[in-house]
Each structure stands twice: as structure tokens, then as C-alpha cells.
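The structure appears below as C-alpha cells.
In the numbering used here, the protein residues as written are 698 to 1038.
Here it is in C-alpha cells:
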């Protein structure tokens, strides 16, 4: 009898954990949708730097000012919250921490460079292969549970993303001039995808270690702003102190900080492999914002691609993997409770 009571309590606790896990994942899904809108806005805004400030803009200056804001905000918030700023010797999984931060300057630089070669929505599609790489790496490197539906889902999203660029007959926005060397642009894209994928897995590891979100942003800002300043100085570029340019790029840093902050919150509540399909909503938000803000064209194929992506997100949200098993466990728990009464 005593064993039966212990078993029943254990079962109830398991059911409660399943319910809490499902609740946290639903929260991460909804928050992830908003986060993708912020990432889309962040990318579209970068495209406007050169247009609005042709005499001040350079890739290095944009990197420096936006990431300096991230580092500054992270430091101020950590001090306000009395968060201990860990030295490198105190950080668990230091290799993953360095991989996350030391490679970030390169992949963000490649990301910014891509805007000189492709329209904004096309960049989102090119980077759309990244989640597939991240899912595979998260399973191999950190042992996350593998679900075939996520591979299928990512492939569906890649198809939907590809449909968006099939009819890309007029990639130039009215105010944008793109470089013709597409091969160089693709090289930047491949470098970005490879390093970004490893960085996201590293971010998941240090998040599981319990590193404060604002502390992560502080280090992320430092590891990007310092190298960009060094490159900025040695490149011989004129260090622009145009107040309007600095403020405009600074707002991009604010958006980046918030988007990265919310992404880390999402990764606390959901596996990397489960979160990655949500990132395809960024493609939908991007081509909508790029059309509104930059005047880039929207084709009927864009709408078809968006429908495929949104359709999978809806299915994945309503019918998550393991849902049937979870519901069966909850049903059995309810039956036990009724019998005990």
C-alpha cells in the first residue's frame, strides 16, 4: 500500500513536470515569434545606414557603435542588479563561452557585409539553412532529443523560403545599389551560417550553466566592439562622431540587445532543436518590413512561401512532439485521482 502511494505521488509529480514543461515551451514559442520580429527590424535597419548616412557609414563603424551600446547596457544593468561579472577563470564550459563570443565578431561582420550583395528578404532565405545545421549540432554536441519532425519542418521552411526568391526578378530597392559579385556574397553567407550555428549551441550551453542574461550580453558586446574598434583604427577610416549617425546606429544596438536578451530567455525554456523552426518567422517579418521601409518588391511567390512557413509554425505550436504521450499521462493521472476519491 505504501509503495502504491509513493508510486502515485511520483506519477503526479511527473505529470506536473510535463504540464510545466509544456507551459514553458508555449511561452517560449509566443515570445520567440515576437523576438523574430525584432531580429527582422534589426536587419532592415542595418540596410538603411548607408542610405541615410552615406558620408559616415562603414561596416566597421556600424559594428563598433551598435555593439558598444550592447556592452554598455549589459554593464549598467549588471551593476544595477548586483550581478557578479565573472572573470574568465570562473566561467563553466569556457571553451563554449569563447566559441560563442570570440567567433561572434566574424559572423556578425559577415552578416552585415551580406547586405551589400542581396536584398534583405533574400538574406533571410540564405540564412534559412542555419537552423538545420543548428538542430544537427545540438543533437550531436549537447545531446538534445532528436525529432524527425523538426528536420521535416526545417526542410519545409527552406522550401517556403526558397519560393520567396524564385521570383526575385527585381532585387533592387529604389534606394539601394547592390554589388554584382554574388559569389563573394555567398562566401560571406556560408561563413555566417557556420559560425552562427556553433555560436547558438554555445549560447545554449552557457545559458544552461546559469550565466545571467545581461552578463551574456555584456560579454557579447565586448567581444564585438573591441575588435571592430581595432579594425576601425587600423583601416584608416575616418572616425565619424556625427551625433545623428551615432544615435541611429545606437538604436540598432538597443534593438539587438532586446532581441538577443529575449532569445536567451527562449533558450532557457525550450530546446535549441525545438526553437529553430520558429526562427523562420523572421523571414516573413523581414520581407514585410523591407517592403514597407525600403520599398523592396513583394511578389505572389512571397505570399506562398510565407504561407508554408506560417502553416508549419501553427501546426508545430498546436501539435507539439510528444503531445499525445503527455495527454495520455495526464489522463491516467486524472483517472487515478478520481479512483482515490
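For each residue, glycine too, the CB sits at the ideal point set by N, CA and C.
For residue i, the three-state DSSP class (helix, strand or coil)
i, result
"residue 843", "coil"
"residue 993", "coil"
"residue 717", "helix"
"residue 894", "helix"
"residue 939", "coil"
"residue 1029", "Caution applies to residue 1029, whose pLDDT of 48 falls short of 50 and renders its modelled position unreliable; the model cannot decide the point."
"residue 899", "helix"
"residue 874", "Caution applies to residue 874, whose pLDDT of 49 falls short of 50 and renders its modelled position unreliable; the model cannot decide the point."
"residue 1008", "helix"
"residue 907", "coil"
"residue 732", "helix"
"residue 866", "Here the model assigns residue 866 a pLDDT of 46, short of 50, so the residue's position is not dependable, and the following value carries that caveat. Coil."
Straight-line Cα distance separating residue j from residue i
i, j, result
"residue 885", "residue 813", "11 Å"
"residue 968", "residue 772", "28 Å"
"residue 717", "residue 954", "28 Å"
"residue 916", "residue 939", "26 Å"
"residue 793", "residue 981", "31 Å"
"residue 987", "residue 733", "14 Å"
"residue 790", "residue 1008", "38 Å"
"residue 755", "residue 740", "16 Å"
"residue 975", "residue 850", "10 Å"
"residue 795", "residue 838", "16 Å"
"residue 899", "residue 973", "15 Å"
"residue 901", "residue 724", "17 Å"
"residue 977", "residue 946", "25 Å"
"residue 749", "residue 781", "40 Å"
"residue 752", "residue 769", "26 Å"
"residue 923", "residue 735", "25 Å"
"residue 921", "residue 952", "16 Å"
"residue 842", "residue 992", "42 Å"
"residue 785", "residue 761", "23 Å"
"residue 985", "residue 719", "31 Å"
"residue 965", "residue 766", "24 Å"
"residue 830", "residue 726", "20 Å"
"residue 776", "residue 856", "46 Å"
"residue 797", "residue 897", "7 Å"
"residue 997", "residue 1005", "13 Å"
"residue 844", "residue 942", "46 Å"
"residue 888", "residue 799", "14 Å"
"residue 883", "residue 757", "20 Å"
"residue 1039", "residue 801", "The chain is shown only over 698 to 1038; residue 1039 falls outside these bounds and no answer can be derived."
"residue 1002", "residue 918", "34 Å"
"residue 810", "residue 881", "10 Å"
Any C-beta of chain B under 9 Å from that of residue i
i, result
"residue 855", "Considering every chain present, this structure includes no chain B. It has just one protein chain."
Limits of the alpha helix (DSSP H) - the one that residue i falls within
i, result
"residue 912", "910–931"
"residue 813", "Segment: none, residue 813 is in no alpha helix (DSSP H) and carries neither H nor E."
- Task: For the segment 946–991, list the alpha helix (DSSP H) runs that are entirely contained and at least 4 residues long, ordered along the chain.
- Result: 969–972 and 978–986
- Residue ranges of each alpha helix (DSSP H) run of no fewer than 4 residues wholly in the segment 743–794, ordered along the chain? 756–777
- State whether the segment 917–929 contacts the segment 732–746, with contact taken as three or more CB pairs (one from each stretch) at a distance under 8 Å. no
- Query: Contact between the segment 890–905 and the segment 799–817: three or more CB pairs below 8 Å?
  - Reply: yes
- Message: Contact between the segment 951–969 and the segment 899–913 is defined here as three or more beta-carbon pairs at a separation below 8 Å; is this criterion met?
- Response: yes
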